[in-house]
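Residue numbers (the working numbering), protein chains in the order written: chain A, 3 to 349; chain B, 3 to 349; chain C, 3 to 349. Think of the CB as a built atom: it goes at the ideal place given N, C-alpha and C, for glycine as much as any other residue. This report refers to the structure that appears directly beneath it.
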Amino acid sequence: MSGPGDGSGSLLAGFWYPVCAARELGRRPIARALAGLPLALFRDEAGAPAALVDRCPHRNAPLSLGRREEDGTLACAYHGWRFDRAGACRRVPGLDDPGGAPARSATAHPAMEQDGLVWVFSTPGPMPASRPFRLPNLDDPTYTTVRHARSLSGSLHAAVENALDVPHTAFLHGGLFRTPRRRHTVEVRVRRGADRVEAEYAGEPAPAGLAGRILAPRGGTVEHVDRFVLPCLTQVEYRLGRSRLVVTTAFTPVGEDSLRLFAAVTFRAPLPGWLLVPLLAPVALGVLRQDARILAAQAANVRRFGGERFANTELDVLGPHVGHLLRRAARGEPGELLEVPPTRMEV
Amino acid sequence: MSGPGDGSGSLLAGFWYPVCAARELGRRPIARALAGLPLALFRDEAGAPAALVDRCPHRNAPLSLGRREEDGTLACAYHGWRFDRAGACRRVPGLDDPGGAPARSATAHPAMEQDGLVWVFSTPGPMPASRPFRLPNLDDPTYTTVRHARSLSGSLHAAVENALDVPHTAFLHGGLFRTPRRRHTVEVRVRRGADRVEAEYAGEPAPAGLAGRILAPRGGTVEHVDRFVLPCLTQVEYRLGRSRLVVTTAFTPVGEDSLRLFAAVTFRAPLPGWLLVPLLAPVALGVLRQDARILAAQAANVRRFGGERFANTELDVLGPHVGHLLRRAARGEPGELLEVPPTRMEV
Amino acid sequence: MSGPGDGSGSLLAGFWYPVCAARELGRRPIARALAGLPLALFRDEAGAPAALVDRCPHRNAPLSLGRREEDGTLACAYHGWRFDRAGACRRVPGLDDPGGAPARSATAHPAMEQDGLVWVFSTPGPMPASRPFRLPNLDDPTYTTVRHARSLSGSLHAAVENALDVPHTAFLHGGLFRTPRRRHTVEVRVRRGADRVEAEYAGEPAPAGLAGRILAPRGGTVEHVDRFVLPCLTQVEYRLGRSRLVVTTAFTPVGEDSLRLFAAVTFRAPLPGWLLVPLLAPVALGVLRQDARILAAQAANVRRFGGERFANTELDVLGPHVGHLLRRAARGEPGELLEVPPTRMEV
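Here's what the structure looks like:
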């Protein structure tokens, strides 16, 4: 559980991860895992999400099987010990004073709700100064936003690379998404920062097929940026005239080779959202299914061969940089800044 | 497989364990596991149960797939080698003399039938001087006895502690069993011996709810003793006037975190057994189901966290002593004698 | 994965193994495992079978999910890299020159079609001088040949020994196959060579039961030879007058304790094949089912006991020699030549 290359979902210290949609967490506690760390999520008396490591300090029953009490604590289902959002034991039935002994405390992680998601900070303790990544355009009425969540088999590195990889789309999604009829030369610029890397594509023609015709009825050249942001976020942006499309995806590691995907697709187009969403959603979900299938097969194959052995070409624009950032972050170090001179590639 | 704290069912040397109900073992051999040790059980020509390690010395086929021959031996299903109750190879089809070579013998454990159960001695070899634990009151016509058997997920230590633990009943079984309406102070006395530990509760009111009203229609104070006896037995006794209730339970370790429970509930009450059993059995089975669920969740949680980390309070009356006895027995040592001065607790 | 005694299917270097029936491999690539080594099988532009290690060098997706292109290459399903039957990367979509870098090559094993089976050579590289084992009598019109394939649980060593073991047939298949009514003394001669061992039985009466009566209506004495040939083949031959029966079986190791059996039963008898096959096939399949059941039970038992512990008698005629050959071959050494003086045994 130590890096992107080992196929496991590894938890990076000091980052916010989305763990569920806000509406999944109601009055009953729920269980979610973050890179193998089991969490009990509940809402305190003010309705704010709270996250305790899912193990009662008394007899190690899962706290997520417990219940939210009226005082905003989470009571273990076994003996009824109660814990507040900071993990302090507030009551042991049968004892006058539960005592504040650390051995009787649950471990608490900072948790908060933002942009429709419940986010948990990967390092236990008090609320940090940093805030979770913001989803774009949620408050702009000229944008339509669609959400999707699903589970995936695969390593974080492989899923992020897949989400930001251009060449596979022509082959794996041939017909659905991009059509390989004509080849175009585009110019790519890569910039890597402390917590992110992005690739900017210039000279790319508007997408072919239905999606392209809807977003850009008269064709044209798109501005296209692909971006990875630590610990597990990707963003794909298209601009064409006044049209915009931004796909933001979090790939939260759940366990060994298992991820939870939270996607927000936000766009502005010549046609209204209520018309476009039913037209485009089936295509997007079809693409996602194809990606999920190949990622699962890739992960299973890496597992049965006992590890990854990848060969890169210059078409693998962002994957190696994502690996660099994940490996550095696993050691608690920021990514090394890098600006790659523009290169040309065919799409 | 070495102690109570490792979550595995560990086999203690030199003890009798029940492995099945006597009526489960007929003319056909059956397979049962004792703390990970596979056994083939069969009845010899006199009908007495016999236990061989479930591996033919020839080609390691499971002997439990074989058949009981007319001469009282167990014949392997593969090549027909025959073994007597002591494990000696009595016949190899095609050989005139099977020979008495130890390499051709199966390993035999002492086995006997008692109180409706088949018991196996955990150390192979000749019949020991010791006898299995006796179930109480089976021959007393003023008592009614009900049996129950089922499988459980959980460690032996956790299941024994659960069976003898008072505080969880108010919370986990709230409503079904004890009602937490009023709190009472009782006095607890703990005595630990070489192979057992017991807690005697004084000043405990008769149980509330249906069960209490039936057993003690006019209320009163019960005498209540909880007891653990090595290697895997618990006993809960209630006395109130002429009424008696004794629940004896064996938690036979089967494999990693799996147990087979054999319970005998024996009682004498103002109302006749044939009336009480159908009234009380559903409640008792409901309590057992709740316990089984929390024990399974606890065991799975301990496993995914890589081990136990328990915090004790003075309400955990017997659990630590049970752990002491199991750890000592795993090293072949008797428990240290101990008499804990009476303490008070609220129930 | 190093020898016959460890219960795993181990891949011996420098041998041909059958991996599927020829008709299983059509235009679509298929996945097969050879002793834990995943292979993608496909047919090149000439229709000849080819075998690549089932991992794309680019992102490790299974090549068996890909498709056969018009140029006879296998294209990976993820990014469309194309490989020829020698594993060379012939095209990377988006790159002008895929380059011949070894890191971009897939690993190829020699493969060929022979006698209705696809055979793969266990050592990657160019086509070796040796050829696969020939199935007998396929071109002789006086013979009838029946094929059967199925999966088995068990170690290679145990399955081979079972196929060549005489004593178990009276017991395990009693009634179906040989009947233990009368005992006969036969003379056995064992000869072991560099890559094979065989036992010749003299003085054996014609088989009892239906099969015997059909093959040899007037009884008589059969000539019977049992044979193991490295890496995984067995042959059982019966001759009686002009009648012949040869059962050739390959037990290809697939994974840990899993095998794929390819059997060819070829015979010449007084009655025509079209009459005998429907009469005898149910009996043969019944014998095979019984063997498969005991082999699976044996393998599971060896696994739960942590390894084999076998006791041999003089009735275990070929098993120890098979073990010798497999262990030597695992070290790359030929078997030691051995001629065992004739011994007598009862059947």
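Would residue i be called buried (16 or more neighbouring beta carbons within 10 Å of its own) or exposed?
i, result
"residue 26/B", "exposed"
"residue 276/B", "exposed"
"residue 337/B", "buried"
"residue 132/A", "exposed"
"residue 2/A", "Residue 2/A is absent from the model: chain A starts at 3 and stops at 349."
"residue 47/B", "exposed"
"residue 340/B", "exposed"
"residue 180/A", "Low local confidence applies: a pLDDT of 49 at residue 180/A is under 50, so the model's placement there is unreliable, and no value is given."
"residue 309/A", "exposed"
"residue 87/A", "buried"
"residue 274/A", "exposed"
"residue 196/C", "exposed"
"residue 321/A", "buried"
"residue 254/A", "buried"
"residue 299/B", "buried"
Spatial neighbours of residue i within its chain, please: C-beta separation below 6 Å, excluding the five flanking residues on both sides.
i, result
"residue 41/C", "34, 53 and 56"
"residue 247/B", "240 and 269"
"residue 330/A", "337"
"residue 149/B", "266"
"residue 249/C", "238 and 267"
Closer than 7 Å by C-beta to residue i: which residues in its own chain qualify, once you throw out the five before and the five after it? Chain order, please.
i, result
"residue 51/A", "27, 43, 45, 113, 114, 115 and 120"
"residue 297/C", "154, 155, 156, 160, 161 and 164"
"residue 68/C", "31, 76, 77, 78 and 79"
"residue 198/A", "229, 230, 231 and 232"
Might you give, ordered along the chain, the residues of its own chain that have their beta carbon closer than 8 Å to the beta carbon of residue i, omitting 5 neighbours on each side?
i, result
"residue 242/A", "208, 217, 218, 222, 223, 224 and 225"
"residue 29/B", "45 and 70"
"residue 433/B", "Limits of chain B in this structure are 3 at one end and 349 at the other, which puts residue 433/B out of reach."
"residue 117/B", "134, 136, 137, 140 and 266"
"residue 151/C", "23, 262, 263, 264 and 265"
"residue 105/C", "59"
"residue 279/C", "146 and 148"
Can you tell me the Cα-Cα spacing of residue i and residue j, whole angstroms?
i, j, result
"residue 73/A", "residue 84/A", "10 Å"
"residue 134/C", "residue 36/C", "15 Å"
"residue 263/B", "residue 302/C", "26 Å"
"residue 261/A", "residue 174/A", "21 Å"
"residue 352/B", "residue 305/B", "Any answer about residue 352/B is impossible in this case: the structure gives chain B only from 3 up to 349."
"residue 354/C", "residue 332/B", "Residue numbering for chain C in the displayed model covers 3 to 349; residue 354/C lies beyond these limits and cannot be assessed."
"residue 64/A", "residue 293/B", "14 Å"
"residue 323/A", "residue 347/A", "18 Å"
"residue 107/B", "residue 314/C", "12 Å"
"residue 311/B", "residue 61/A", "8 Å"
"residue 89/B", "residue 259/C", "29 Å"
"residue 168/C", "residue 93/C", "55 Å"
"residue 281/A", "residue 144/A", "19 Å"
Alpha carbons only, please: which of the options is nearest the one belonging to residue i?
i, options, result
"residue 13/A", "203/A, 301/A, 125/A and 346/A", "125/A"
"residue 95/B", "103/B, 87/B, 81/B and 88/B", "81/B"
"residue 204/B", "256/B, 228/B and 220/B", "228/B"
"residue 251/B", "280/B, 349/B, 136/B and 279/B", "136/B"
"residue 266/C", "16/C, 15/C and 20/C", "20/C"
"residue 202/C", "291/C, 15/C and 188/C", "188/C"
"residue 122/B", "316/B, 345/B and 16/B", "16/B"
"residue 289/A", "253/A, 170/A, 321/A and 257/A", "170/A"
"residue 344/B", "319/B, 334/B and 335/B", "319/B"
"residue 272/B", "214/B, 191/B and 234/B", "214/B"
"residue 192/A", "38/A, 186/A, 342/A and 349/A", "342/A"
Note down, in chain order, all residues in the stretch 44 to 63 of chain A with a beta-carbon under 8 Å from any beta-carbon belonging to chain B.
56, 57, 59, 60, 61, 62 and 63
Could you run through the stretch 74 to 101 of chain C and flag, in chain order, every residue whose CB is less than 8 Å away from some CB of chain B?
none
Using Cβ-Cβ distances below 7 Å, what residues of the stretch 249 to 263 of chain A are close to chain C?
Answer in chain order: no residues at all.
Closer than 7 Å, Cβ to any Cβ of chain A: which residues of the stretch 294 to 311 of chain B, in chain order?
296, 299, 300, 303, 304, 306, 307, 310 and 311
So if I threshold CB-CB distances at 7 Å, which residues from the stretch 151 to 176 of chain B count as touching chain A?
169, 170, 172, 173 and 174
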